[in-house]
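Undergrad: Each protein sequence line maps, in turn, to chains L and G.
Counting along the first sequence from 1, when you hit position 37 you're at 43 in this note's numbering, and nothing is skipped either side.
Counting along the second sequence from 1, when you hit position 115 you're at 247 in this note's numbering, and nothing is skipped either side.
Cβ coordinates follow ideal geometry from the N, Cα and C atoms, glycine included.
The structure presented is a predicted model; accordingly, all values stated were derived computationally and were not measured.
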Amino acid sequence: MSFYGLVDGSEKSLVDFLNQLSGVDQVGAESRAAMLATRSIKTTSKKWAIETAISMVDLTTLEGADTPGKVRALCSKAVRPDPTDPTVPSVGAICVYNDMVEVARTHLDAIGGKHVPVAAVSTAFPSGRASMEVKIRDTQDAINAGAAEIDMVIDRGAFLAGKYGLVFDEIVKIREVCGEKAHLKVIFETGELVTYDNVRKASYLAMLAGADFIKTSTGKVAPAATPPVVLVMLEAVRDFYTLTQRRIGVKPAGGIRTTKDAIKQLVLVNETAGPDWLTPQLFRIGASALLNDLLMQRMKMSDGYYASPNYVTID
Amino acid sequence: MATKKQARVDVKKTYKLFINGAFPRSESGRVFEVSAKNGDFIANPALASRKDLRDAVTAARAAHSGWSKATAYNRGQILYRIAEMLEGRAEQFESEIALTSQITSLKAKSQVLDAIDRWVWYAGWSDKLQAVSGATNPVAGPFFNFSISEPQGVVAIASSTSFIDFIDAIAAAVVSGNSTVVLVPGSLAVPAMSFAEVLATSDLPAGVINILTGSLDELAPWAASHMDIDGFDISGIDKKKRGALKEAGAENLKRIHAFSTGQSPTRILAFMESKTVWHSVGV
Numbered sequence: 007m008s009f010y011g012l013v014d015g016s017e018k019s020l021v022d023f024l025n026q027l028s029g030v031d032q033v034g035a036e037s038r039a040a041m042l043a044t045r046s047i048k049t050t051s052k053k054w055a056i057e058t059a060i061s062m063v064d065l066t067t068l069e070g071a072d073t074p075g076k077v078r079a080l081c082s083k084a085v086r087p088d089p090t091d092p093t094v095p096s097v098g099a100i101c102v103y104n105d106m107v108e109v110a111r112t113h114l115d116a117i118g119g120k121h122v123p124v125a126a127v128s129t130a131f132p133s134g135r136a137s138m139e140v141k142i143r144d145t146q147d148a149i150n151a152g153a154a155e156i157d158m159v160i161d162r163g164a165f166l167a168g169k170y171g172l173v174f175d176e177i178v179k180i181r182e183v184c185g186e187k188a189h190l191k192v193i194f195e196t197g198e199l200v201t202y203d204n205v206r207k208a209s210y211l212a213m214l215a216g217a218d219f220i221k222t223s224t225g226k227v228a229p230a231a232t233p234p235v236v237l238v239m240l241e242a243v244r245d246f247y248t249l250t251q252r253r254i255g256v257k258p259a260g261g262i263r264t265t266k267d268a269i270k271q272l273v274l275v276n277e278t279a280g281p282d283w284l285t286p287q288l289f290r291i292g293a294s295a296l297l298n299d300l301l302m303q304r305m306k307m308s309d310g311y312y313a314s315p316n317y318v319t320i321d
Numbered sequence: 133m134a135t136k137k138q139a140r141v142d143v144k145k146t147y148k149l150f151i152n153g154a155f156p157r158s159e160s161g162r163v164f165e166v167s168a169k170n171g172d173f174i175a176n177p178a179l180a181s182r183k184d185l186r187d188a189v190t191a192a193r194a195a196h197s198g199w200s201k202a203t204a205y206n207r208g209q210i211l212y213r214i215a216e217m218l219e220g221r222a223e224q225f226e227s228e229i230a231l232t233s234q235i236t237s238l239k240a241k242s243q244v245l246d247a248i249d250r251w252v253w254y255a256g257w258s259d260k261l262q263a264v265s266g267a268t269n270p271v272a273g274p275f276f277n278f279s280i281s282e283p284q285g286v287v288a289i290a291s292s293t294s295f296i297d298f299i300d301a302i303a304a305a306v307v308s309g310n311s312t313v314v315l316v317p318g319s320l321a322v323p324a325m326s327f328a329e330v331l332a333t334s335d336l337p338a339g340v341i342n343i344l345t346g347s348l349d350e351l352a353p354w355a356a357s358h359m360d361i362d363g364f365d366i367s368g369i370d371k372k373k374r375g376a377l378k379e380a381g382a383e384n385l386k387r388i389h390a391f392s393t394g395q396s397p398t399r400i401l402a403f404m405e406s407k408t409v410w411h412s413v414g415v
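1. Should Pro315(L) be flagged as near chain G, meaning a C-beta pair shorter than 8 Å?
2. Since Arg387(G) meets chain L, which of its residues come closer than 8 Å, beta carbon to beta carbon?
3. For Phe194(L), does the three-state DSSP call read helix, strand or coil?
4. Of the choices Asp105(L), Gly118(L) and Gly134(L), whose alpha-carbon is the least far from that of Ile149(L)?
5. Measuring straight from C-alpha to C-alpha, what distance separates Leu344(G) and Ala215(G)?
6. Quickly, what does DSSP pair Met305(L) with across the bridge? List them, please.
7. So the candidates are Gly216(L), Tyr10(L), Arg38(L) and Pro132(L); which of them puts its Cα closest to the Cα of Lys226(L)?
8. With H, G and I counted as helix, E and B as strand and the rest as coil, what does DSSP make of Pro74(L)?
9. Which partner residues does Lys257(L) have in the DSSP bridge list?
10. Helix, strand or coil for Met239(L), going by three-state DSSP, please let me know.
11. Is there a Cβ from chain L that is less than 8 Å from the Cβ of Glu200(G)?
12. According to DSSP, simplified to helix, strand and coil, what is Tyr103(L)?
13. Can you list the residues of chain L that Asp360(G) reaches, using a CB-CB cut of under 8 Å?
14. For Ser357(G), return the contacting residues in chain L, with the cut-off set at a CB-CB distance below 9 Å.
15. Under 8 Å: do the region 306-320 of chain G and the region 193-202 of chain G share three or more Cβ pairs, one atom per stretch?
16. So, is the C-beta of Asn384(G) closer than 8 Å to a C-beta in chain B?
17. Using the rule of at least 16 other Cβ atoms within 10 Å of the residue's Cβ for burial, across every protein chain shown, is Pro123(L) buried or exposed?
18. Look up Met217(G) in the DSSP assignment and give the residues it is bridged to.
19. Measuring alpha carbon to alpha carbon, tell me which residue in Ala268(L), Leu240(L), Arg263(L) and Arg253(L) is nearest Arg38(L).
20. Please classify Gln32(L): is it buried, with 16 or more other beta-carbons within 10 angstroms of its beta-carbon, or exposed?
21. Taking Val243(L) and Ile254(L) to be in contact with their CB atoms under 8 Å, please state how far apart those CB atoms are, rounded to whole angstroms.
22. Quick one: what's Ile160(L) bridged to in DSSP?
23. Return the CA-CA distance between Gly34(L) and Gly285(G), expressed in angstroms with no decimal places.
24. So, does the CB of Arg186(G) fall closer than 8 Å to a CB anywhere in chain L?
25. When you compare the CB of Trp354(G) with every CB in chain L, is at least one pair closer than 8 Å?
26. Quick one: residues in its chain with C-beta nearer than 6 Å to the C-beta of Arg162(G), no 5 flanking neighbours on either side, listed in chain order?
27. State whether the region 83-94 of chain L contacts the region 48-65 of chain L, with contact taken as three or more CB pairs (one from each stretch) at a distance under 8 Å.
28. Please confirm whether Ile289(G) and Asp370(G) have their CB atoms less than 8 Å apart.
29. Which stretch, first to last residue, makes up the beta strand (DSSP E) that contains Phe173(G)?
30. My understanding is that Gly292(L) touches Ala259(L), with C-beta atoms under 8 Å, so please give their C-beta distance in whole angstroms.
31. Using the rule of at least 16 other Cβ atoms within 10 Å of the residue's Cβ for burial, across every protein chain shown, is Glu223(G) buried or exposed?
32. Buried or exposed: which applies to Trp410(G), given that a residue is buried once 16 or more other Cβ atoms fall within 10 Å of its Cβ?
33. Per the DSSP calculation, Val30(L) is bridged to which residue(s)?
34. Can Tyr147(G) and Val413(G) be called in contact, C-beta distance under 8 Å?
35. As a quick exercise: from Gly153(G), Leu185(G) and Arg213(G), pick the residue whose alpha carbon is nearest that of Ala303(G).
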């Protein structure tokens, strides 16, 4: 088998490929991310950024206490984030646990939200600690229930132990299960990968194995989507495009709660991967509280006075 | 070599804002100058912007739940603690007020002592409010019907230039459990920010009282229209300018009051709401 002609599927070729990647300049990445965070986005650009960010939100609820009612409420919000203003775009997707996919899909279809895909977290999310059979079955279940996007976690234990082949094979297998039916997002949990070098390696590993998206975190571990980590991943998708002519998406998730954070992410995308990536097909933000803040900022811009959380939904 | 003793260089204080229990500079980076009666330079306090106001409201909103749920006894203790802290620094406040305002040091002294006594007076109200303003209402049925007064939420205060008015407005709003954002006119900035240091050492939870120094003309319209502010004390605003603020505050039915009396329980009740509870008899 050939993977973009870059590796042949054997562990040796993969390890050779990952080892020839240059290391990340930690200080450089952090200072570049910090520098880009100082950009000031105002007035019409800000309005555009807010609406773009809304269309990129993967509206997420991943809690043990999720009920069908809560998922349905979230779906309604996904389709019409601001019920008082139909010009607000729908969000990028709804992101739920496996067993809530059907509830979400049915409700979205019923309320005119066919254009909003449902993403399911999969492969023993969030830890990734299960046998391969369980992970495959988990993914199949989600797709059968109507998930159009699969957010899988990698086995961080295996990755950190240097078993790159194992992690690679897992992604390849899940990619096969997804087939044409579902997009595959691969979650690294960068907070557990320790170094930026590991983030770069994991990015290439996942892209070679067939990921459509690479995603920072589960949202269960801090730190999550810090700007330098996202920068490293955006550089990886940019360079991978040069190598293969294929554009891979990036999804930061976890810790992005304010409009300011979201706009910082958009600046990173524009300045690193380029404006081609400024679309929900190639950039998503995994979040729950962020959407309310985006809506409140939008209200502030259209009304001319500061908004209150009393006028947006609680979840 | 002969050593000549050099005059010591004074360490001047940087007057900043008081938001969420911390002392940040204005996000705008702006300052304004405060001078003494004789024109001598005193300080460059921070000139707060509308974004500082926004941050202060966020802090006040976050602090409100804990402060309003604290027991009346606990709130009273903390208000009393503010009086204790103020007492220890009375002389500093006397000299700051005398230096930066038009009043004599004798008047400044009596204002500070009054201010300390005010905190004790308001502290006493915390556990008596319910008894005075609440009621058991007569109803035609087998029910009890209670009226219970509750704090409104976030109250903005546009303070006048007098230190004692500044204290009255804050104490009256916070004793019931409101959290506040206080807008302070430039001439009161120096004692107001020293008062923030008193608050920072009084066990007052962060965000319950936030103090912004600057221009009321600039900040008050933003406070009046802010949808997350529930009440607005505009006693420090010029009478001619009050109408426009009341209009701006109508969108979220903000309670907007100006008070002519200082020490009064009606000021406390002005920023409280009555909740009515029904309960069946005999159960």
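TA: In brief:
1. Pro315(L) has a beta carbon lying within less than 8 Å of a beta carbon in chain G.
2. Ordered by position in chain L, no residue passes the 8 Å Cβ test against Arg387(G), which lies about 15 Å from the chain.
3. coil
4. Asp105(L)
5. 21 Å
6. Looking at the DSSP output, Met305(L) bridges to nothing.
7. Pro132(L)
8. Correct three-state label for Pro74(L): helix.
9. In the DSSP assignment, Lys257(L) is bridged to Lys221(L).
10. helix
11. It is worth fixing the name first, because residue 200(G) is Ser in this sequence and not Glu. Interface with chain L (8 Å Cβ-Cβ cutoff): Ser200(G) is excluded.
12. strand
13. Tyr312, Ala313, Ser314, Pro315 and Asn316
14. Asp309, Gly310, Tyr311 and Tyr312
15. Contact holds: three or more Cβ-Cβ distances are below 8 Å.
16. The chain inventory of the structure shown lacks chain B, comprising the protein chains L and G.
17. With 16 or more other Cβ atoms from the protein chains shown falling within 10 Å of its own Cβ, Pro123(L) counts as buried.
18. DSSP output for Met217(G) lists no bridge partner at all.
19. Leu240(L)
20. exposed
21. 5 Å
22. Note: Ile160(L) sits in no beta bridge, so no partner.
23. If you draw a straight line from the Cα of Gly34(L) to the Cα of Gly285(G), it comes to about 46 Å.
24. Yes - at least one Cβ of chain L is within 8 Å of the one on Arg186(G).
25. Chain L, which has a Cβ nearer than 8 Å to the Cβ of Trp354(G), makes this yes.
26. Excluding sequence neighbours, Arg162(G) sits near Leu179.
27. yes
28. no
29. Phe173 to Ala175
30. 3 Å
31. exposed
32. Burial call: exposed.
33. BP columns for Val30(L) are empty, so no partner.
34. Going by C-beta atoms, Tyr147(G) is not nearer than 8 Å to Val413(G).
35. Arg213(G)
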